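Student: This is the structure, below, for whatever I ask next.
Printed below as a string of structure tokens:
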């Protein structure tokens with residue numbers, strides 16, 4: 236049984252049995268991508284009933300338009316051609332199911348990359364947030380604070396972006412909105428602020444510490460030194476911390492987001508990606524492109540503007556969100 240058939244069984248059962256809020260969020264959040272991508276795929280299936288070179292050429296263009304990325308698409312098309320030849324596939328309708336299989340395989344790639352957060356059960360879990368300015372990093376921290384507060388955790392926000400005008404009070408506002416603890420000072424050494432903030436976090440028996448950082452990529456050497464210092468300070472206070480370093484990327488920036496991921500991967504140890512504003516773009520294939528390009532798992536995705544619209548990433552729900560119409564058509 237192929238992955239496509241498994242999805243049909245799994246998700247039609249889920250949808251039939253219960254109102255699944257997570258699936259509903261993926262369904263609505265990926266609507267723009269699905270409407271463009273899957274509609275084009277369906278039209279292609281009607282235009283060509285038999286697999287041909289022309290079919291592959293048009294499929295390639297559709298995948299690139301969904302922002303899956305040129306390199307990823309070329310590799311994907313090669314794998315698809317190989318499978319078509321090996322399994323002697325001629326019918327384009329059946330090939331659509333194979334495409335779902337292969338897109339899933341691109342992300343999983345035989346690995347067990349975890350989309351789960353590494354929780355520290357012996358003191359605070361420290362999550363370091365990085366990313367260029369303007370991608371929604373501060374808002375994402377606020378939404379993560381809301382998520383963990385909703386789960387009954389004691390949360391603290393530490394403002395490590397100390398020199399950008401308005402960054403510290405903006406984060407403090409999110410702390411107030413989510414009823415989280417806060418520590419921050421403006422125009423001072425970020426590592427020193429984080430040092431003092433972590434002392435307070437331990438004194439207050441905080442469960443989750445979310446640390447904001449500067450988003451200046453113009454001078455990677457300076458940022459690398461700053462992040463090295465921050466990591467050293469955090470590790471001195473809490474062994475094996477930070478437990479996660481999450482890179483926030485605006486999904487709407489497309490391939491530029493991949494360049495950001497590559498740049499940050501060079502200067503610090505990124506453990507996961509947060510993709511914001513995925514609901515506002517038709518280029519939802521960026522999820523696959525980022526994983527293929529930098530081999531870092533997506534851990535959270537933004538599927539709306541509401542506090543509860545930052546979702547833990549789930550590859551099966553993502554594939555369902557993209558191919559729901561095809562899955563339901565074939566049940």
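In the numbering used here, the protein residues as written are 236 to 566. Glycine included, each C-beta is placed from N, C-alpha and C at the ideal position. Remember, predicted model here, so these are calculated numbers, not experimental data.
How would you call residue 453, buried or exposed, if buried means at least 16 neighbouring beta carbons within 10 angstroms?
Tutor: Position 218 of the chain shown, counting from 1, holds the residue named residue 453. With fewer than 16 other Cβ atoms within 10 Å, it is exposed.
Student: Nearer than 7 Å: is that true of the beta carbon of residue 268 relative to any heavy atom of the ligand ADP?
Tutor: Looking for the ligand ADP in the displayed structure turns up nothing, as the structure carries no ligands at all.
Student: Can you find the residues in the same chain that come closer than 6 Å, C-beta to C-beta, to residue 253, ignoring five residues on each side of it along the sequence?
Tutor: For this step, residue 253 is matched to residue 18 along the chain shown. For residue 253, the predicted structure reports a pLDDT of 44, less than 50, and the residue's modelled location is therefore unreliable. A value from the coordinates is still provided. So the list is empty, once near-sequence residues are dropped.
Student: Sorted by chain position, which residues of the same chain lie with C-beta nearer than 6 Å to residue 449's C-beta, five sequence neighbours on each side aside?
Tutor: As a working note, residue 449 is residue 214 in the chain shown. Correct list, in chain order: 396.
Student: Any idea what DSSP makes of residue 418, helix, strand or coil?
Tutor: Against the chain shown, residue 418 aligns to sequence position 183. Of the three classes helix, strand and coil, the one that applies to residue 418 here is strand, per DSSP.
Student: To the nearest angstrom, how far is the alpha carbon of residue 352 from that of residue 430?
Tutor: Walking along the chain shown from the start, residue 352 turns up at place 117. Walking along the chain shown from the start, residue 430 turns up at place 195. About 23 Å.
Student: Taking 8 Å as the cut-off, does the region 352-371 touch the region 435-451 (at least 3 CB pairs, one atom from each stretch)?
Tutor: The answer is yes - the region 352-371 touches the region 435-451, with three or more Cβ pairs under 8 Å.
Student: Does the beta-carbon of residue 260 have 16 or more other beta-carbons within 10 angstroms, so that it is buried, or is it exposed?
Tutor: Here residue 260 corresponds to residue number 25 of the chain shown, with the count starting at 1. With 16 or more Cβ atoms within 10 Å of its Cβ, residue 260 is classed as buried.
Student: Please classify residue 232: is it buried, with 16 or more other beta-carbons within 10 angstroms of its beta-carbon, or exposed?
Tutor: Residue 232 lies beyond the residue range present for the chain, which begins at 236 and ends at 566; the question has no answer from this structure.
Student: In terms of alpha-carbon separation, which member of 522, 438, 468 and 543 lies closest to residue 534?
Tutor: The residue labelled residue 534 in the question sits at position 299 within the chain shown. Cα-wise, what sits closest to residue 534 is 522.
Student: In three-state terms, what does DSSP make of residue 387?
Tutor: In the chain shown, counting from the first residue as 1, residue 387 sits at position 152. In the structure shown, residue 387 sits in coil (DSSP, three-state: anything other than H, G, I, E or B).
Student: With C-beta atoms as the reference, is residue 510 less than 8 Å away from residue 537?
Tutor: As a working note, residue 510 is residue 275 in the chain shown. As a working note, residue 537 is residue 302 in the chain shown. Yes, they are a contact pair.
Student: I'd like to know if residue 479 contacts chain D, where contact means its C-beta is closer than 8 Å to some C-beta of that chain.
Tutor: You won't find chain D in this structure, because it holds only one protein chain.
Student: If you run the structure through DSSP and keep just helix, strand and coil, what is residue 366?
Tutor: Counted from its first residue, the chain shown places residue 366 at position 131. The answer is coil: DSSP assigns residue 366 none of H, G, I, E or B.
Student: Touch check for the region 490-505 and the region 453-465: three-plus C-beta pairs under 8 Å?
Tutor: Judged by Cβ distances under 8 Å, the region 490-505 makes contact with the region 453-465, as three or more pairs qualify.
Student: Beta-carbon separation of residue 301 and residue 268 under 8 Å?
Tutor: As a first step, residue 301 must be located in the chain shown, where it is residue number 66. As a first step, residue 268 must be located in the chain shown, where it is residue number 33. Yes; because the gap between Cβ atoms is below 8 Å, this pair is in contact.
Student: Which residue or residues does DSSP assign as beta-bridge partners of residue 507?
Tutor: Counting from 1 along the chain shown, the entry for residue 507 is found at position 272. Paired residue(s): 481.
Student: In terms of alpha-carbon separation, which member of 334, 398, 493 and 546 lies closest to residue 621?
Tutor: Since the displayed the chain opens at 236 and closes at 566, residue 621 lies outside it and no answer follows.
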